[in-house]
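Chemist:
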Amino acid sequence: MSRRGNCHDNAVAESFFQLLKRERIKRKIYTTREHARADIFDYIEMFYNSRRKHGDANNMPPLAYEKLEEFKRKSV
Numbered sequence: 001m002s003r004r005g006n007c008h009d010n011a012v013a014e015s016f017f018q019l020l021k022r023e024r025i026k027r028k029i030y031t032t033r034e035h036a037r038a039d040i041f042d043y044i045e046m047f048y049n050s051r052r053k054h055g056d057a058n059n060m061p062p063l064a065y066e067k068l069e070e071f072k073r074k075s076v
């Protein structure tokens, strides 16, 4: 079970949020909360590679695999 503050439990997420804070949140002063949300959303969309193939997903890109799984759930 994951414990709070234990970076070895979820190193990927810890690394991502550390980069997010260092590169976006601490470097900018946002005028509104909506500007902050939009900027962070853009950063996440840029960071996440939606075309990369994953071995666990039958070598399909993440979005294609998610659509296939959604289609399977609806057809059952």
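In full-length UniProt numbering, the protein residues as written are 1 to 76.
By construction, the Cβ of each residue, glycine as well, lies at the ideal position given by its N, Cα and C atoms.
Since the model is a prediction, treat every value here as computed from it, not as a measurement.
1) Kindly identify the DSSP beta-bridge partner or partners of M60.
2) Below 8 Å on the Cβ atoms is my contact criterion, and I expect R24 with I40 to pass it. Report the Cβ-Cβ distance as a whole number of Å.
3) Express the C-alpha separation of S75 and M60 in angstroms, rounding to a whole number.
4) Just verifying my parser: in three-state terms, what is the DSSP assignment at Y43?
5) Would you tell me roughly how many angstroms separate the C-alpha atoms of R33 and E14, rounded to the nearest one?
Modeler: According to the structure shown:
1) Against the sequence shown, residue 60 aligns to sequence position 60. Answer by DSSP bridge pairing, in chain order: H54.
2) Start at 1 with the first residue of the sequence shown, and residue 24 comes out as number 24. Start at 1 with the first residue of the sequence shown, and residue 40 comes out as number 40. About 6 Å separates the two Cβ atoms, so the contact holds.
3) Position 60 of the sequence shown, counted from the first residue, corresponds to residue 60. Position 75 of the sequence shown, counted from the first residue, corresponds to residue 75. The straight-line gap from Cα to Cα measures roughly 20 Å.
4) Within the sequence shown, the letter at position 43 stands for residue 43. Of the three classes helix, strand and coil, the one that applies to Y43 here is helix, per DSSP.
5) Counting from one through the sequence shown, the residue named residue 33 turns up at place 33. Counting from one through the sequence shown, the residue named residue 14 turns up at place 14. Distance between the alpha carbons of R33 and E14 is about 23 Å.
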